[in-house]
Amino acid sequence: MTTAKTQQLHSLTAANLMSRDLLLLPQDTSLQDAARWLIRNQVGGAPVIHASGKCVGVFSAFDVLKIAEHSNGLTKTDHREVPITCSFQAKHHDSHGVETTTCILPPGVCPIQQMQMDRDGKDIIQGERALRDACRLCFDTRPGSRF
Numbered sequence: 615m616t617t618a619k620t621q622q623l624h625s626l627t628a629a630n631l632m633s634r635d636l637l638l639l640p641q642d643t644s645l646q647d648a649a650r651w652l653i654r655n656q657v658g659g660a661p662v663i664h665a666s667g668k669c670v671g672v673f674s675a676f677d678v679l680k681i682a683e684h685s686n687g688l689t690k691t692d693h694r695e696v697p698i699t700c701s702f703q704a705k706h707h708d709s710h711g712v713e714t715t716t717c718i719l720p721p722g723v724c725p726i727q728q729m730q731m732d733r734d735g736k737d738i739i740q741g742e743r744a745l746r747d748a749c750r751l752c753f754d755t756r757p758g759s760r761f
């Protein structure tokens with residue numbers, strides 16, 4: 615039996631849910647800066663525009679994951695704090711109020727997740743500190759980088 619709310623949900627279109635205030639990335643933005651920009655703005659992707667204003671494509675968090683998967687290591691690590699919010703994280707509280715942050719991507723998709731699994735494939739990225747460390751794996755933090 616279909617409820618009224620389910621019927622309403624099925625009648626929605628992408629236009630009903632889309633963001634009207636677009637965040638745009640200039641096409642000459644470096645991969646590193648574009649990935650950081652997605653995290654800072656808490657978005658999963660954005661149109662990429664030419665200097666003339668013409669849209670030349672779309673950059674997404676998935677693009678970063680694809681590159682990271684095929685890379686032998688994008689990063690060097692340092693001790694700067696890294697924001698812990700991205701499109702692929704969820705926070706949970708247990709019955710004692712302890713907060714755990716976990717990756718919501720399916721197993722095997724996220725390269726960070728692959729590097730942070732135990733031998734049985736159990737996700738061990740838990741807690742803010744561990745997640746910050748995992749996020750550092752995705753960013754080159756050379757002097758002069760803007761993060």
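Each residue of the sequence shown is one higher than the one before, counting from 615 in our numbering. Note that beta-carbon positions come from the ideal geometry of N, C-alpha and C, so glycine has one too.
Counted within 10 angstroms of its Cβ, other Cβ atoms place residue i as buried (16 or more) or exposed
{"i": "ARG650", "result": "buried"}
{"i": "ALA648", "result": "buried"}
Reduced DSSP secondary structure (H/G/I, E/B, other) of residue i
{"i": "LEU623", "result": "helix"}
{"i": "ALA665", "result": "coil"}
{"i": "ILE670", "result": "A small correction: the amino acid at residue 670 is Val; Ile does not occupy that position in the sequence shown. In the structure shown, VAL670 sits in a strand (DSSP, three-state: E or B)."}
{"i": "LEU638", "result": "coil"}
Nearest candidate by alpha-carbon position, reference residue i, set the options
{"i": "ASP677", "options": "LEU626, GLN646, ALA628", "result": "GLN646"}
{"i": "GLY658", "options": "SER625, HIS707, SER709, LEU679", "result": "LEU679"}
Test item: CB-CB of residue i and residue j under 7 Å
{"i": "GLN641", "j": "VAL662", "result": "yes"}
{"i": "ALA660", "j": "LEU637", "result": "yes"}
{"i": "ALA675", "j": "LEU652", "result": "yes"}
Tell me, please, whether the stretch 623-635 touches the stretch 660-680 by the rule of three or more beta-carbon pairs shorter than 8 Å. In short, these stretches do not touch, since the Cβ pair count stays below three.
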